[in-house]
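Colleague:
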Amino acid sequence: MVIKIFKGFIGRVISNIFKNKKKIKLGFYGPPNAGKTSLANRICKDFTGEEIGSVSKVPHETRNVQFKEIEISYKGKTMIFKMVDTPGIATKIDYEEFLKYKLKKKDAKKRAKEATQGVIESIKWLDDMDIVVVVLDSTENPYNQVNITIIGNLVARKIPVLIVANKIDLKKADIKKIEAAFPEYDVVGISARYGHNLEEFYESIFKLSKKI
Amino acid sequence: MARKKRGIGKIEGFSIHFLSYSDIKNLGTTERIKKILNIVLGNNILIFQGRLRPDEETRLIEDTMAMIGHVSNFKGIELAVVPRNNEKSIFGKAREKIANAISGGDLGAITIIGPATIVKEIKKDPKKIELLLNK
Ligand SMILES: Nc1nc2c(ncn2[C@@H]2O[C@H](COP(=O)(O)OP(=O)(O)OP(=O)(O)O)[C@@H](O)[C@H]2O)c(=O)[nH]1
Ligand SMILES: [Mg+2]
Chain V
787 MVIKIFKGFI GRVISNIFKN KKKIKLGFYG PPNAGKTSLA NRICKDFTGE
837 EIGSVSKVPH ETRNVQFKEI EISYKGKTMI FKMVDTPGIA TKIDYEEFLK
887 YKLKKKDAKK RAKEATQGVI ESIKWLDDMD IVVVVLDSTE NPYNQVNITI
937 IGNLVARKIP VLIVANKIDL KKADIKKIEA AFPEYDVVGI SARYGHNLEE
987 FYESIFKLSK KI
Chain L
10 MARKKRGIGK IEGFSIHFLS YSDIKNLGTT ERIKKILNIV LGNNILIFQG
60 RLRPDEETRL IEDTMAMIGH VSNFKGIELA VVPRNNEKSI FGKAREKIAN
110 AISGGDLGAI TIIGPATIVK EIKKDPKKIE LLLNK
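Right, dumping it as structure tokens:
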């Protein structure tokens with residue numbers, strides 16, 4: 787009798803631990819400067835009031851993977867996400883590019899070195915994600931090999947993907963081109979900077995969460 | 010056979026290096042990436058038949074990043090994959106599927122990889138590909 791009650795209690799504790807563990811690891815991936823951190827910040831601010839990291843027009847601003855746990859409520863449903871903002875992935879990094887943004891040579895070289903390590907760190911974390919948001923700058927050519935490599939790896943690892951076409955507030959933005967480049971995927975056009983169309987973004991994330 | 014010293018100096022020209030699929034088909038991932046990077050580090054633009062698997066592509070990026078800063082003047086790579094033509098007979102498709110399953114690569118594709126110091130950009134659109142070189 788006593789044992790039975792005890793078992794029931796343990797069972798509840800275990801199931802509670804299990805429930806708490808069901809955090810969805812939501813990765814933000816993409817090329818440098820696409821707006822990964824801007825988007826992650828907006829989401830974090832909406833639900834916690836705090837940001838995840840710094841944003842800059844200088845590429846490779848994020849050079850370490852950064853995390854934040856948040857509860858997102860959307861249309862009466864609540865889910866716990868572990869937000870994972872990653873350094874932009876590139877195939878080349880030249881410190882001289884940073885000099886254009888008036889960085890001192892020494893700082894530019896340091897930034898470049900940290901950026902190369904950041905790319906490696908991003909790739910290392912890819913396997914660990916439950917869902918990945920691929921953030922693309924909708925004013926840039928989507929047929930960039932980095933985009934194809936990231937999405938190819940997610941497909942091979944069966945990780946659900948959402949493609950975000952960011953910066954739709956800009957005149958040059960072309961969502962159609964991104965949709966044409968990745969016809970098998972849902973593409974959500976947003977502006978992370980101005981918070982446009984975030985509703986559709988949350989809707990898509992909750993939909994993808996059911997698949998995992 | 011003197012070994013070329015690693016490191017990319019002033020650009021005084023470059024050559025284009027071609028590999029057929031049989032040149033890399035029997036290599037493991039590590040060897041394959043090593044071979045590719047060695048060619049690119051020798052100031053060559055590499056063109057090869059087929060394409061890398063997604064995990065090999067990320068491995069290539071990781072190894073490239075690790076080399077920037079260790080090899081003087083190396084700033085990374087530019088790469089593009091030109092996929093095979095979409096219009097294929099059913100027979101062609103079936104045969105390719107089998108070939109791809111065995112090799113893990115897409116034999117109809119062409120991969121272009123060059124050092125970023127030489128290749129400024131490989132502009133890819135669905136229909137055309139342009140190689141822009143640094144002056
Ligand atoms: N116009 C416009 N600019 C944006 C938008 N989202 C981000 N930006 C700008 O784009 C630049 C890069 O934004 P980040 O959020 O730092 O980009 P990131 O993808 O995190 O970049 P890395 O950390 O370098 O990989 C910044 O100047 C942002 O203000 C947007 O929706 N519209
Ligand atoms: Mg960032």
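Keeping their order, the protein sequence lines are chains V and L. Take 787 as the starting number for the first sequence in the numbering used here and just add one per residue. Take 10 as the starting number for the second sequence in the numbering used here and just add one per residue. Note that CB positions come from ideal geometry on N, CA and C, so glycine has one too. The structure displayed is predicted, hence computed values, not measured ones.
1) Taking 8 Å as the CB-CB limit, is D134 (chain L) close to chain V?
2) Is the CB of V921 (chain V) under 8 Å away from at least one CB in chain L?
3) Could you confirm whether any beta carbon from chain L is found closer than 8 Å to the beta carbon of Q931 (chain V)?
4) Can you find a CB in chain V that lies within less than 8 Å of the CB of K84 (chain L)?
5) Could you list which residues in chain V have their beta carbon closer than 9 Å to that of I70 (chain L), in chain order?
6) So I945 (chain V) and V920 (chain V) are supposed to be a Cβ contact under 8 Å. How far apart are they, rounded?
7) In the DSSP assignment, the beta strand (DSSP E) including Y815 (chain V) goes from what residue to what residue?
8) Could you pull the start and end residues of the alpha helix (DSSP H) that M76 (chain L) belongs to?
9) Could you compute how far the alpha carbon of I56 (chain L) sits from the alpha carbon of A89 (chain L)?
10) Taking the alpha-carbon of L69 (chain L) as reference, which of L:N82, L:R93, L:G51, L:K44 has the nearest alpha-carbon?
11) With DSSP as the reference, please indicate the residues paired to M1007 (chain V) in a beta bridge.
12) Can you determine whether any heavy atom of ligand 1 sits closer than 7 Å to the C-beta of R171 (chain L), and answer yes or no?
13) Is D871 (chain V) helix, strand or coil when you go by DSSP?
14) Of all the options V:A966, V:F853, V:E989, V:S842, which has the alpha carbon lying nearest to the alpha carbon of D134 (chain L)?
15) Do K822 (chain V) and ligand 2 come close, with the Cβ less than 7 Å from some heavy atom?
16) Could you pull the start and end residues of the alpha helix (DSSP H) that T877 (chain V) belongs to?
Modeller: The answer reads as follows:
1) yes
2) no
3) yes
4) yes
5) I875, A876, T877, V905, I906, I909, V932, T935
6) Not confirmed; about 11 Å, so no contact.
7) 810–815
8) 63–76
9) 10 Å
10) L:K44
11) Residue 1007 (chain V) lies beyond the range of chain V shown here (787 to 998); nothing can be said about it.
12) The question about residue 171 (chain L) has no answer, for chain L in this structure spans 10 to 144.
13) strand
14) V:A966
15) yes
16) Counting along the chain, T877 (chain V) falls outside any alpha helix (DSSP H), and DSSP gives it neither H nor E.
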